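Down below is the structure, laid out as structure tokens.
Protein chains: 2
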Amino acid sequence: MAGNVSTPGATVTSRVLALIGAFDEQHRSLSLSELAERAELPLPTAHRLVGELVQWGALSRRPSGEYVVGRRLWDVGLLAPVQTGLRQLASPYLHDLYGATLATVHLAVRDGAEVLYLDRLAGNASVPVVSAIGSRLPMHATGVGKVLLAHAPAEVQTVVLSDLRRITPYTITQPGTLRRQLGRVRREGYATTVEEMSLGACSVAVPVRVDEAVVAALGIVVPSLRNDRPRHVAALQVAAQGIGRALAASRAD
Amino acid sequence: MAGNVSTPGATVTSRVLALIGAFDEQHRSLSLSELAERAELPLPTAHRLVGELVQWGALSRRPSGEYVVGRRLWDVGLLAPVQTGLRQLASPYLHDLYGATLATVHLAVRDGAEVLYLDRLAGNASVPVVSAIGSRLPMHATGVGKVLLAHAPAEVQTVVLSDLRRITPYTITQPGTLRRQLGRVRREGYATTVEEMSLGACSVAVPVRVDEAVVAALGIVVPSLRNDRPRHVAALQVAAQGIGRALAASRAD
DNA sequence: CGTCTCCCTTCCACTGAGTGGAAGCGACGT
DNA sequence: ACGTCGCTTCCACTCAGTGGAAGGGAGACG
Numbered sequence: 006m007a008g009n010v011s012t013p014g015a016t017v018t019s020r021v022l023a024l025i026g027a028f029d030e031q032h033r034s035l036s037l038s039e040l041a042e043r044a045e046l047p048l049p050t051a052h053r054l055v056g057e058l059v060q061w062g063a064l065s066r067r068p069s070g071e072y073v074v075g076r077r078l079w080d081v082g083l084l085a086p087v088q089t090g091l092r093q094l095a096s097p098y099l100h101d102l103y104g105a106t107l108a109t110v111h112l113a114v115r116d117g118a119e120v121l122y123l124d125r126l127a128g129n130a131s132v133p134v135v136s137a138i139g140s141r142l143p144m145h146a147t148g149v150g151k152v153l154l155a156h157a158p159a160e161v162q163t164v165v166l167s168d169l170r171r172i173t174p175y176t177i178t179q180p181g182t183l184r185r186q187l188g189r190v191r192r193e194g195y196a197t198t199v200e201e202m203s204l205g206a207c208s209v210a211v212p213v214r215v216d217e218a219v220v221a222a223l224g225i226v227v228p229s230l231r232n233d234r235p236r237h238v239a240a241l242q243v244a245a246q247g248i249g250r251a252l253a254a255s256r257a258d
Numbered sequence: 006m007a008g009n010v011s012t013p014g015a016t017v018t019s020r021v022l023a024l025i026g027a028f029d030e031q032h033r034s035l036s037l038s039e040l041a042e043r044a045e046l047p048l049p050t051a052h053r054l055v056g057e058l059v060q061w062g063a064l065s066r067r068p069s070g071e072y073v074v075g076r077r078l079w080d081v082g083l084l085a086p087v088q089t090g091l092r093q094l095a096s097p098y099l100h101d102l103y104g105a106t107l108a109t110v111h112l113a114v115r116d117g118a119e120v121l122y123l124d125r126l127a128g129n130a131s132v133p134v135v136s137a138i139g140s141r142l143p144m145h146a147t148g149v150g151k152v153l154l155a156h157a158p159a160e161v162q163t164v165v166l167s168d169l170r171r172i173t174p175y176t177i178t179q180p181g182t183l184r185r186q187l188g189r190v191r192r193e194g195y196a197t198t199v200e201e202m203s204l205g206a207c208s209v210a211v212p213v214r215v216d217e218a219v220v221a222a223l224g225i226v227v228p229s230l231r232n233d234r235p236r237h238v239a240a241l242q243v244a245a246q247g248i249g250r251a252l253a254a255s256r257a258d
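Written as structure tokens, this is what we have:
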């Protein structure tokens, strides 16, 4: 699994997947040789496999000759259960929340020791943020992250607290400080961040609960927490409750 | 390539892709034997390949034993340019449009002789509709479909007009009638439908243009066209122009 | 409790699909 | 005209992939 793709033990399947996996946030389009290099495959092999992938629609070739992820993979990706349940159900509430706050809205779940962003609505006038749908960010520096961490199993908290990387000058890197904040999050029902992830961006986030269990987090990003905090928290909680109820109802399947 | 997957000439790659392609809207979760059958592969072969796919994260296995599309494919799918360009750019305008109309908002492109829905915002109070992100619908019975058809190449129009399936009692099935409507769409700059796709749902749609070329369509679904039509068309056109300008600007890459 | 059925998993001998070094091509630069 | 670089094609060798057959194991039925 951890091993090389081109050396013995490599199956055709693993080579195909290595090619698909060669694409990421920073590499949305790759030339044949880049692909071969990133997948650690000899060029002729990459060439043939990529040809098959293109024919099927998993990749597609730009006029420029570069390859990009194809529409068919996009189709299939949308069938993943990540989006099916939570995301689709939550969608209307996110829009309402956006309408009420006009701030960037995030829906996220915990993925191991990181936050996985499931959805994001950003308005034209919103604060620029680093998150993107499908991206992962550290838990200790985001609003949704703190919410999810506060309700995560103890062992996850331990892992995260033991590695608080500094991202901005305001990032919390003291385990004690963060641990105290997590307690407050549990008590008060919402988390905040102040420029801990990116300068000029503050956030407020609340948990989404189904029968007490925290299944996701809902957050907004605003330029400042000064005003409106109660209004924002209220709007978030209304939306979170709506999503929670919708989720619980849908479990009648 | 059109040929069978298990018969001679089939490559490992094509088998792997057949497995991935076995999932669709109606089949989001499949047992091993269903997978094998749908991919037309012998069971042991399917078993082995699926094992590799699961290990990589392209598929994942539910506690129930059924397989679903994995998170990693979701990740990769999101990198497809479908969403990167148009969808991301359009997102803020869609939200504004939703705020202005409180109706279900659709962003769609033409994919062959069908409409492919790229994005959809649905409020809580919105009319229920069949579309879903990533789904395809016929062009002759939807607002965005008519817009895209009106600006499609003649050969596409011919194909579509030759097969006007009835969906509701109000679906237009007369080629002549539809052809006349398409002319009006081009002249007036917007299309409408009245319960042609689903009862109780009407729609208004406009083209998104970049330098005169129609690259997408933007539509809303409402319970009735009686009132507000001019206001809706205006709101749609404002949003479509915004998206068009944003797209044109982004072509400075 | 035995037995039938259905679905999943493992085994392994045969073989043809996959491999990748090498050579060919075409575009661009000097 | 010649060198370089990235893509494409070729093809003989061989090892990865194949899938029939047999081995679990969970649940239904008599």
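Line order of the protein sequences matches chains Y and B.
So that you can map any letter, position 14 of the first sequence is 19 in the working numbering, and since no number is skipped, the others follow by simple counting.
So that you can map any letter, position 227 of the second sequence is 232 in the working numbering, and since no number is skipped, the others follow by simple counting.
The beta carbon of each residue, even a glycine, is placed where N, CA and C say it ideally should be.
Since we're looking at a predicted model, the values are computed, not measured.
Can a CB atom of chain Y be found closer than 8 Å to the CB of threonine 50 of chain B? no
Quick test of the definition: if touching needs 3 or more C-beta pairs under 8 Å, does the region 107-121 of chain B touch the region 138-151 of chain B? yes
Do the region 89-105 of chain Y and the region 98-113 of chain B touch if we need at least three Cβ pairs shorter than 8 Å? yes
What residues in the region 163-185 of chain B have a beta carbon less than 9 Å from any beta carbon of chain Y? none
8 Å is my cut-off, CB to CB: does valine 74 of chain Y come that close to chain B? yes
So the beta strand (DSSP E) tyrosine 175 of chain Y belongs to, where does it begin and stop? In the DSSP annotation of this structure, tyrosine 175 of chain Y is not part of any beta strand (DSSP E), being labelled neither H nor E.
Tell me the DSSP secondary structure of glutamate 119 of chain Y in three-state form. In the structure shown, glutamate 119 of chain Y sits in a strand (DSSP, three-state: E or B).
Do you know offhand how far alanine 166 of chain Y's Cα is from valine 211 of chain Y's? Just to set this straight, residue 166 of chain Y is leucine in the shown sequence, not alanine. Those two C-alpha atoms are separated by around 20 Å.
Less than 8 Å between the beta carbons of valine 213 of chain B and alanine 206 of chain B, yes or no? Taking 8 Å as the Cβ cut-off, valine 213 of chain B and alanine 206 of chain B do not qualify as a contacting pair.
Does the region 243-255 of chain B come within contact of the region 89-98 of chain B, defined as at least 3 CB pairs closer than 8 Å? yes
Could you confirm whether any beta carbon from chain Y is found closer than 8 Å to the beta carbon of isoleucine 225 of chain B? The beta carbon of isoleucine 225 of chain B does not come within 8 Å of any beta carbon belonging to chain Y, so the residue lies off that interface.
What does the Cβ neighbour count give for threonine 197 of chain B, buried or exposed, with the cut at 16 atoms within 10 Å? The residue in question, threonine 197 of chain B, is buried, as its Cβ has 16 or more Cβ neighbours within 10 Å.
Looking at glutamate 57 of chain B: is its Cβ nearer than 8 Å to the Cβ of serine 19 of chain Y? yes
With DSSP run on the structure shown, which of helix, strand or coil describes alanine 218 of chain B? It is a strand residue.
Return the first residue and the last residue of the beta strand (DSSP E) that arginine 141 of chain Y is part of. 141-143
Would you say serine 19 of chain Y faces chain B, with C-beta separation under 8 Å as the test? yes
Could you give the C-beta distance for aspartate 201 of chain B and isoleucine 177 of chain B, rounded to a whole number, given that I count them as a contact under 8 Å? Per the sequence shown, the amino acid found at residue 201 of chain B is glutamate instead of aspartate. Correct: roughly 6 Å between the Cβ atoms.
Check the Cβ of glycine 81 of chain Y against every Cβ in chain B and list those closer than 8 Å, keeping chain order. Looking at the sequence shown, residue 81 of chain Y is not glycine but valine. Simply Ile25, Gly26, Phe28, Val74, Leu78, Gly82.
Label leucine 48 of chain B either buried or exposed according to how many other C-beta atoms from any shown protein chain fall within 10 Å of its C-beta, with 16 as the threshold for buried. exposed
Is glycine 249 of chain Y close to chain B, meaning its C-beta is less than 8 Å from at least one C-beta of that chain? Not one chain B Cβ lies under 8 Å of glycine 249 of chain Y.
What is the DSSP secondary structure of histidine 100 of chain B, reduced to helix, strand or coil? helix
How long is the line joining the alpha carbons of proline 13 of chain Y and valine 152 of chain B, rounded to whole angstroms? Low confidence applies here, because proline 13 of chain Y scores a pLDDT of 49, under 50, leaving its location unreliable and the question unanswered by this model.
In chain B, what lies closer than 7 Å to threonine 16 of chain Y by C-beta? Glu57
In the DSSP output, which residue or residues are listed as bridge partners for valine 110 of chain Y? Y:Leu126, Y:Ile225
Of all Cβ atoms in chain B, is any one closer than 8 Å to the Cβ of proline 47 of chain Y? no
Look at the alpha carbon of leucine 154 of chain Y and the alpha carbon of valine 161 of chain Y, and state the distance between them as a whole number of angstroms. 8 Å
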